[in-house]
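Engineer: For the sequence shown, position 161 (counting from the first letter as 1) is numbered 160 according to numbering that gives the first Met the number 0, and the numbering increases by one without interruption. Just so you know, even glycine gets a beta-carbon here, dropped at the ideal spot from N, CA and C.
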Amino acid sequence: MGLRDRIMEETRFDLDFWLKALSELGYDMRLEELDVGTLVEKKVFPRSLGDNLRVEGVRRFLSTDYVEGALILVSGSLTKSSATRVARSWKRMRLLRPLLIFSDGEQSVITTVPGPGSEGEARVFNLSERLYHTDVEVLESMRFDPDPERYKERYDREFLPYEKVRNEFFRGYRELYAKIEEAVRPVFGTAGIEAESSAYAQRFLGRLMFIYFIQKKGWINSDKRYIDSVKDVSELNLLFYEGFNRKDSPLGVPYLNGSLFDREEYMDRLEGALERVLEPLFFEAREFFNRYNFTVDESSPMDIDVSLDPSMIGTVFENMLPENQRGAKGTYYTPPAETAFIIRRALSAYLGLKDRVIEDAGGKRFVDGLTAYLEELADKKSERDVRELREKLLSLRILDPAVGSGGFLVAAMEEIVDILKEADATVGFKTDVEMYKERILPNLIGFDIEKEAVEIARLRLWLSLVIAKKEPEALPNLDLNIVETEDSLQKGQYKLDIYVDREVKNMLDELQDLREKYVRTHTTQEKREIKSRFDELAGKLERKTGSQQRLIEIYSVKPDIVVMNPPYIRQEELDQSRKQYYSSVYSLDKKSDIYVYFILRGLELLSEGGALAAITSDKWLETSYGVSFQEKVKPHLLAVYGQRKRSFGADVNTVISVYSKRKLDEPVSFTYLESFASERVVRHVSLPRSTLRPGKWFYLKAPEVFTQKILPKLTHRLGDFAEIKFGLKTGANEFFYMKDVSHLFEADRLADPEKFERWGVKARTSKELEEQGLIYIENEGGGRFVLERASVRPIIRSIKDYVKPHISVTPSTLCLYVDNLVGSPFTEKYIRHGEAMEVEVGRGSNKGVVKGYHNLSTVKARTPWYKLPQLKPTTIFLSEFYSARFLSLFSDRPLLADHLFELVYPDSPSSERALRLYLNSTVHFLMLELWTRRMGGGVLHPLTVDYKSLPVPDFGLLSRSLVGVVFGDRPTLDYSEEVKQEDRRRLDLAVLRGLGFSEADAGAILDELYQEYLEVVRDRLIKAGRSLAERVEEGGFSDVDGEVEVE
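1) Could you tell me the alpha carbon to alpha carbon distance between residue 555 and residue 512, rounded to whole angstroms?
2) On the premise that residue 786 lies in contact with residue 826, defined as a C-beta separation below 8 Å, what is that separation, rounded to the nearest angstrom?
3) Among the residues of its own chain, which have a CB less than 7 Å from the CB of residue 262, if the five just before and after it don't count?
4) Would you call residue 211 buried or exposed, if buried means 16 or more other Cβ atoms sit within 10 Å of its Cβ?
5) Rank 479, 870, 283, 83 by C-alpha distance to the C-alpha of residue 794 and give the top, closest one.
6) Distance, Cα to Cα, residue 163 vs residue 814?
7) Which residues bound the beta strand (DSSP E) around residue 815?
8) Reducing DSSP to helix, strand and coil, say where residue 734 ends up.
9) Check whether the Cβ atoms of residue 581 and residue 567 sit closer than 8 Å, and answer yes or no.
10) For residue 1, which residues from the same chain have a beta carbon less than 8 Å from its beta carbon, with the 5 sequence-adjacent residues on both sides left out?
11) Are the beta-carbon atoms belonging to residue 673 and residue 643 less than 8 Å from one another?
12) What residue range does the beta strand (DSSP E) around residue 616 cover?
13) Return helix, strand or coil for residue 328, following the three-state DSSP convention.
14) Helix, strand or coil for residue 208, going by three-state DSSP, please let me know.
15) Select from 33, 712, 353, 441 the residue whose C-alpha is nearest the C-alpha of residue 367.
16) Under 8 Å Cβ to Cβ from residue 91, same chain only, skipping five residues before and after it: list those, please.
17) I'd like to know if residue 775 contacts chain C, where contact means its C-beta is closer than 8 Å to some C-beta of that chain.
18) Do three or more CB pairs link the stretch 336-351 to the stretch 408-419 at distances below 8 Å?
19) Thinking residue 732 and residue 779 are a contact (beta carbons under 8 Å), I'd like their distance in whole angstroms, please.
20) Tell me the DSSP secondary structure of residue 561 in three-state form.
21) Count the other CB atoms within 10 Å of the CB of residue 553; is the residue buried (16 or more) or exposed (fewer)?
22) State the CB to CB distance for the pair residue 608 and residue 563, rounded to an integer number of angstroms; the pair is presumed to be in contact (CB under 8 Å).
23) Is residue 964 closer than 8 Å to residue 721 when the C-beta atoms are compared?
24) Just how far apart, CA to CA, sit residue 273 and residue 179?
25) Please classify residue 282 as buried or exposed, where buried requires at least 16 neighbouring CB atoms within 10 angstroms.
26) Would DSSP call residue 847 helix, strand or coil?
27) Flag this pair as yes or no: are the beta carbons of residue 111 and residue 122 separated by less than 8 Å?
28) For residue 475, count neighbouring C-beta atoms within 10 Å of its own C-beta (all shown protein chains included) and say buried if the count is 16 or more, exposed if not.
29) Please identify the residue among 279, 995, 938 whose C-alpha is closest to the C-alpha of residue 1018.
30) Any idea what DSSP makes of residue 120, helix, strand or coil?
31) Suppose you measure from the CA of residue 62 to the CA of residue 68; what does that come to, to the nearest Å?
32) From residue 323 to residue 404, what does the alpha carbon distance come to, in whole angstroms?
33) To the nearest angstrom, how far is the alpha carbon of residue 615 from that of residue 842?
34) Assess, as a yes-or-no matter, whether the stretch 580-594 is touched by the stretch 616-624 under the definition of 3 or more beta carbon pairs within less than 8 Å.
35) Does at least one heavy atom of the ligand NAP sit under 7 Å from the Cβ of residue 631?
36) Using the Cβ count rule (16 or more neighbours within 10 Å means buried), how would you classify residue 423?
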């Protein structure tokens, strides 16, 4: 019987099953016994597996140069977290990729750790009771390949394809949601509450999914497929409202309460109508859910689960929003490795543990303070220390002010439990996961502006608690823990300080008591009374202090830890009144993006000695608005972490920053990791706090040789030696940009002589045109016209038009460039024609059809609209965008340039020659990499202000070393090939000598500089996936209503 023949049959996933299944997948099942004692001695199995798990035998079924496969037979409590701990240890100690299949005779856990090296995220997959459709697809991903290289590649990319399973589930779930929402909307519309349709559709599916998880525990009539016996939506509603919400339910289901199954007020009016429209959709939803393997053993935050476990619920709902809406709301899913890293950094900071970077044979390595402390506990075996740690962690108050779907709070609870499991194991304590979670959960607080997100967060926390329970019991009420708010950043007009006003203190104390009491209350009447008193007190506090009822301080005593992924919304997208309020209340630059306000709010809310960790955009490290923010957080900043791997689908470069409520004296650490799941450190620097001045904090990117040897010699700013101006921004490129097509004049005139007569053109040939001072042009919109030659100027349009730095040929692109129309009748006709045209605008504030170019928002501010800024032509031009090819243009004759360039006006002839060469040196381009903001797609985007402030050497001294150096007349190559060219090396050596290095030192430094330069650029492109970067090389940029767009 094959795997597909066993779908939905009850199955024991024991040794016999795996011998047949692996054989079917192409493996040679001649097993080799491995000695368990030897594996323990060599630390392949961790010191303590925990969970009462014992290894009874190990059978190896695969051994290649890259991958080792083994069946591990166990007894006791088999969990996914214990399996992945073994897999990580296996890879670290045996230096092979593990394919480990654990079996306790009934269920199995499969785990892999993809990628090279000894680290990485573990993928994990659980099988129990029966094979589902998707289970078979996952198992078939593990099919054997006799080619070891190809097998290794498939292991890394295809084994346990969690993304495939997850994405298929997301798509199906979203389609179901859309159908349900569309079906129930008219029902809610008849009651005048159409807006409720979305929340109800989400709640209906959420409740249904909750049942799939709890039936897996056997809590509903001891039937793990109970849902298949529910005959219609009426019976399902009975289960929702009368089953889980009643202690004496005749349905044989557990009393769970917890407000998840509270009956909506409108159900008395709408229940019948909703049941009728939902009937076919319930059966469709059940059929869809039945295809998937739901598991109630939630994986560690550092693991990626291929089954549907509760940690996946949040990503389901986050994926309910299309990508463009997630971006508009600033909402992005944080992967498990990042979430776990953030939680651990906050816990480590709060406990006063030191995260370190050490050097060993393999290079620099990150040492997690928590991991080091647990190893210390294992050595000391001190019951007192373990009890102290337990009490500290179980008493922590944890806040996420942008809670989203609750991922950080769930991860915090799971991480604390995992830490305590390890700590308990060091002294032989039995871990009571259920008790731990019951103590942790009331101390978890979250706020969000999205009602649906709040409901999801509550659902995830309930599920996380259910997992730990051996027997069903009523769930806690989370209405006053996970709260919908208008704005987490809102402050009261009066500071809620318990030391300022005794009455305020008493009210806040009572509110806290009510919240804690409400969590454990389960009678409807008592819940109603507590909430009524809570609202009454909150209203009284609002009247006394000017605070909103949904203010965070009302719901929570000062948290010990704040963790978050605050919304990423650019300041341009903020409502003007909000922007003004935030800037005023938080005293930050008005250009600040919203996430920096969240960090300041979090620091303000923290208890003394508290810690905050957040993942945000990295813009605050290098942009102008970051300066005011840096000034505020510098006394509290502990560390900043980056990773080469991209954090999430957001087209945003991210960092994790860690803060303490206390003002600190210790150095600030900047650590750039291969990934947050890896110990490998790419770059690290620890700076004395006194030397860390607000400005460009490029330390995550900065290579050592550059910062220590070269940067100190860049003692000036580029703006000291040249004026730098932004290029021409036409606002209507298709009208202003054109090319000379005079060679087509005679043919076009013969084809349509009447057109030229209407224009008043007397010339009959291109030569006569030239003699009359005219030119025949074709604009970028495709129209052809006759203009006065004096009305156009050659212009540098795009970096893609140039293969080498030296512009030796006049640019082919022309630009309409006039001061007035006196004596220019043909140009005037062209302008009037533009004013009469219908212009189609694809985006921006003018989207649609506009009558006349002069009415575009991008030009109408100019007077007259067709008169471009009067720029003086120059000979040096710096691009505003770089990807993998670096060149600074210079020409023999003065020219104009588009706004995608900066025009450089040297202060002297001697500076001009030095600038032409230095601005094409590797020193300059590496400085640019460090000084300049990286766009989300990996493009380097230096602005005018960046160029003006860019550190450079003294060109008076440098110019002497550049005498005789020739550069710029060959095509510029990709960065990795460019550093191999002899003329490039001669230029760079001359620059280093000009910086004061001897001939011998310059040669040694240059070799190291090239390696670091390649690493920095490669890092940027790898992190970006080159999506946007490739388009820079291929297609250039344009502007639409002031926004930079890829063409």
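Structural biologist: So, from the data block:
1) The residue given as residue 555 occupies position 556 in the sequence shown. The residue given as residue 512 occupies position 513 in the sequence shown. When rounded, the distance between both Cα atoms is 10 Å.
2) Here the question's residue 826 lines up with position 827 in the sequence shown. Here the question's residue 786 lines up with position 787 in the sequence shown. Correct: roughly 5 Å between the Cβ atoms.
3) If you number the sequence shown from 1, residue 262 lands on position 263. So the qualifying residues of the chain are 240.
4) Stepping through the sequence shown from its first residue, residue 211 is reached at position 212. Burial call: buried.
5) Indexing the sequence shown from 1 puts residue 794 at position 795. For the residues 479, 870, 283, 83, the minimum Cα distance to residue 794 belongs to 870.
6) Stepping through the sequence shown from its first residue, residue 163 is reached at position 164. Stepping through the sequence shown from its first residue, residue 814 is reached at position 815. Computed Cα separation, rounded: 50 Å.
7) On the sequence shown, residue 815 is found 816 positions in, with the first residue counted as 1. First-last of the beta strand (DSSP E) with residue 815: 812-815.
8) Within the sequence shown, residue 734 is the residue found at index 735, counting from 1. Helix, per DSSP.
9) For the purposes of this step, residue 581 is identified with residue 582 of the sequence shown, where counting begins at 1. For the purposes of this step, residue 567 is identified with residue 568 of the sequence shown, where counting begins at 1. No, the Cβ-Cβ distance between residue 581 and residue 567 is not below 8 Å.
10) Counting from 1 along the sequence shown, the entry for residue 1 is found at position 2. Only 23 meet the Cβ criterion.
11) As a working mapping, residue 673 is identified with position 674 in the sequence shown. As a working mapping, residue 643 is identified with position 644 in the sequence shown. Contact flag set, yes.
12) Taking the first residue of the sequence shown as 1, we reach residue 616 at position 617. Residue 616 -> beta strand (DSSP E) spans 610-616.
13) Residue 328 sits at position 329 when you count from the first residue of the sequence shown. Unreliable positioning characterises residue 328 in this predicted model, as indicated by a pLDDT of 49, which lies under 50. The coordinate reading is nonetheless provided below. Of the three classes helix, strand and coil, the one that applies to residue 328 here is coil, per DSSP.
14) Locating residue 208 in the sequence shown gives position 209, where the first residue counts as 1. Correct three-state label for residue 208: helix.
15) For the purposes of this step, residue 367 is taken as the residue at position 368 of the sequence shown. Answer by Cα proximity: 353.
16) Position 92 of the sequence shown, counted from the first residue, corresponds to residue 91. Once the five neighbours on either side are set aside, the close Cβ partners of residue 91 are 117, 118.
17) Annotation note: the requested chain C is absent from the structure, which comprises a single protein chain.
18) yes
19) Numbered from its first residue, the sequence shown carries residue 732 at position 733. Numbered from its first residue, the sequence shown carries residue 779 at position 780. Contact flag correct, Cβ pair sits at about 6 Å.
20) Along the sequence shown, read from residue 1 onward, the residue named residue 561 stands at position 562. Reduced to three states, the DSSP call for residue 561 is strand.
21) On the sequence shown, position 554 is the one that residue 553 refers to. Counting Cβ neighbours within 10 Å, residue 553 comes out buried, since at least 16 surround it.
22) Numbered from its first residue, the sequence shown carries residue 608 at position 609. Numbered from its first residue, the sequence shown carries residue 563 at position 564. Incorrect: roughly 19 Å between the Cβ atoms, too far for contact.
23) Here residue 721 corresponds to residue number 722 of the sequence shown, with the count starting at 1. Here residue 964 corresponds to residue number 965 of the sequence shown, with the count starting at 1. Result no, Cβ atoms of residue 721 and residue 964 do not sit closer than 8 Å.
24) The count along the sequence shown starts at 1 and reaches residue 273 at position 274. The count along the sequence shown starts at 1 and reaches residue 179 at position 180. One C-alpha to the other measures close to 10 Å.
25) Stepping through the sequence shown from its first residue, residue 282 is reached at position 283. Result: exposed.
26) Taking the sequence shown and counting its residues from 1, the one referred to as residue 847 is at position 848. The answer is strand: DSSP assigns residue 847 an E or B state.
27) Locating residue 111 in the sequence shown gives position 112, where the first residue counts as 1. Locating residue 122 in the sequence shown gives position 123, where the first residue counts as 1. Yes, the Cβ-Cβ distance between residue 111 and residue 122 is below 8 Å.
28) The residue you call residue 475 lines up with position 476 of the sequence shown. The residue in question, residue 475, is buried, as its Cβ has 16 or more Cβ neighbours within 10 Å.
29) Taking the first residue of the sequence shown as 1, we reach residue 1018 at position 1019. Answer by Cα proximity: 938.
30) For the purposes of this step, residue 120 is identified with residue 121 of the sequence shown, where counting begins at 1. Here residue 120 sits in coil by DSSP.
31) As a position in the sequence shown, residue 62 is number 63, starting the count at 1. As a position in the sequence shown, residue 68 is number 69, starting the count at 1. Rounded to the nearest angstrom, the two C-alpha atoms are 6 Å apart.
32) As a first step, residue 323 is located in the sequence shown; it is residue number 324 there, counting from the start. As a first step, residue 404 is located in the sequence shown; it is residue number 405 there, counting from the start. Any answer about residue 323 is weak, because its pLDDT of 40 lies below 50 and its placement is not dependable; what the coordinates show is given next. When rounded, the distance between both Cα atoms is 18 Å.
33) The residue labelled residue 615 in the question sits at position 616 within the sequence shown. The residue labelled residue 842 in the question sits at position 843 within the sequence shown. When rounded, the distance between both Cα atoms is 28 Å.
34) yes
35) The ligand NAP is not among the ligands present in this structure, which contains no ligands whatsoever.
36) In the sequence shown, the residue the question calls residue 423 occupies position 424. It is buried - the Cβ of residue 423 has at least 16 other Cβ atoms within 10 Å.
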